[in-house]
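Engineer: Sending over a structure as structure tokens; questions will come in a sec.
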Amino acid sequence: MDRGDCSIEGDGEMKWYLVPLFMIFLTSCFNPRVHRGDILFRSATSDSLSSAINRVTGAVGYSHIGVVDTLHGKMVVIHATPHGGVIKSTLDEFSKEGGVARRVDVFMIRKPKEIRINTALRHANNLLGEKYNKTYIIEDSGYYCSEFIYDIFKEDSLFQLNPMTFKDPVSGTFNEGWVEYYKKLGIDIPEGKLGCNPNEMSKNCNLRYVFSYGESK
0 MDRGDCSIEG DGEMKWYLVP LFMIFLTSCF NPRVHRGDIL FRSATSDSLS SAINRVTGAV
60 GYSHIGVVDT LHGKMVVIHA TPHGGVIKST LDEFSKEGGV ARRVDVFMIR KPKEIRINTA
120 LRHANNLLGE KYNKTYIIED SGYYCSEFIY DIFKEDSLFQ LNPMTFKDPV SGTFNEGWVE
180 YYKKLGIDIP EGKLGCNPNE MSKNCNLRYV FSYGESK
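Numbered as in numbering that gives the first Met the number 0, the sequence shown ends at 216 without a single skipped number.
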């Protein structure tokens, strides 16, 4: 058989196998539009805590946040979770809540040269394993998701703290989800204490939306 004919046929077959593998690689391990220091905002889910966060913190629709770093040449997300504390996840893992894929919006820092991203990411890695701050009181130990992002960029004042509210913006009364949440913790709702949340942070003028991935259900 002619060697040239054989190589052409083989190359064609190989391309059909490589295309899906290449696409899996792109979506699960790497995305050329995601960079170290980018901040990811995940859309709200239907679980009680996610819904409670979203109802009282604005209409944007985010309930979780993380920051992008690299590990062995792959993109990872460092974030604080209720069940694992501060952890690292793949881009794909970060987009899922309870096994369901959500939309993730990627934001970049507008003036990265003015923000010490490497310093922030070193700080983020040093906090791996820290527990989750279930009270959402900034002075308490541990970190909730937006507090973690606030803290790693604190030296550059990228984000600010604002008085927190746990009240429904329509009724003006405490959201029932938060009433039950703090009742179980056995403490008063920290209404008015300084804090932060993903919806407000997404509006920061120092951030610029880049693109979205994942899927909104």
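No residue lacks a Cβ here, since even glycine has one placed at the ideal position from N, Cα and C.
When DSSP builds the beta bridges, which residues end up paired with isoleucine 38?
Structural biologist: The partner list for isoleucine 38 (beta bridge, DSSP) reads Val66 and Phe106.
Engineer: Measure the C-alpha to C-alpha separation of alanine 43 and tyrosine 61 and round it to an integer number of angstroms.
Structural biologist: C-alpha separation (whole angstroms): 5 Å.
Engineer: What number of angstroms, rounded off, separates the C-alpha of glutamine 159 from the C-alpha of cysteine 195?
Structural biologist: Those two C-alpha atoms are separated by around 8 Å.
Engineer: Please go through the same chain and pick out, in chain order, the residues whose beta-carbon is closer than 6 Å to the beta-carbon of tyrosine 149, but skip the five residues on each side of it.
Structural biologist: So the list reads Phe158 and Cys195, once near-sequence residues are dropped.
Engineer: On a CA-only basis, which of His122, Lys153 and Glu96 is nearest histidine 63? Give me that one, please.
Structural biologist: Nearest of His122, Lys153 and Glu96 to histidine 63, Cα basis: Glu96.
Engineer: Cα-Cα, which of Phe210, Asn205, Tyr212 and Val209 is closest to arginine 109?
Structural biologist: Minimum Cα distance to arginine 109 is reached at Asn205.
Engineer: With a CB to CB cut of under 8 Å and the five nearest residues on each side skipped, what residues in its chain are close to isoleucine 186?
Structural biologist: Excluding positions up to five away in sequence, the list reads Thr134.
Engineer: Per DSSP, lysine 166 is paired with what?
Structural biologist: Paired residue(s): Phe173.
Engineer: For glycine 72, tell me which candidate among Val85, His34 and Ser94 has the shortest Cα-Cα distance.
Structural biologist: Ranking the options by Cα distance to glycine 72, first place goes to His34.
Engineer: Quick check: what's the CA-CA separation for phenylalanine 24 versus glutamate 175?
Structural biologist: With a pLDDT of only 40 at phenylalanine 24, under 50, the local geometry of the prediction cannot be trusted, and no value is derived from it.
Engineer: According to DSSP, lysine 73 sits in a beta bridge with which residue or residues?
Structural biologist: Paired residues: Leu70.
Engineer: If you follow the alpha helix (DSSP H) that serine 211 is in, where does it begin and where does it stop?
Structural biologist: Note, serine 211: premise wrong, no alpha helix (DSSP H); beta strand (DSSP E) at 206 to 213.
Engineer: Which residue wins for smallest C-alpha separation from tyrosine 212, given the options Ala100, Asn125, Leu193 and Val85?
Structural biologist: It is Ala100.
Engineer: With C-beta atoms as the reference, is glycine 141 less than 8 Å away from lysine 153?
Structural biologist: No, Cβ-Cβ distance for glycine 141 and lysine 153 is not below 8 Å.
Engineer: Of the choices Val76, Lys166 and Ser94, whose alpha-carbon is the least far from that of leucine 127?
Structural biologist: Of Val76, Lys166 and Ser94, the residue nearest in Cα terms is Val76.
Engineer: Using DSSP's beta-bridge definition, name the partner residues of tyrosine 61.
Structural biologist: According to DSSP, tyrosine 61 bridges with Ser42.
Engineer: Name the one or two DSSP bridge partners that tyrosine 142 has.
Structural biologist: DSSP output for tyrosine 142 lists Tyr131 as bridge partner(s).
Engineer: Rounded to a whole number of angstroms, what is the C-alpha to C-alpha distance between alanine 217 and isoleucine 151?
Structural biologist: Missing from the structure shown is residue 217; the chain here goes from 0 to 216 and no further.
Engineer: In three-state DSSP terms, what is asparagine 161?
Structural biologist: Strand.
Engineer: Please report the distance separating the alpha-carbon of methionine 200 from that of serine 94.
Structural biologist: Spanning the two alpha carbons is a distance of roughly 18 Å.
Engineer: In angstroms with no decimal places, state the Cα-to-Cα distance between leucine 120 and aspartate 68.
Structural biologist: Each residue's alpha carbon lies about 7 Å from the other.
Engineer: Which residue from Tyr143, Pro162 and Glu214 puts its Cα closest to that of alanine 79?
Structural biologist: Nearest option by C-alpha distance: Tyr143.
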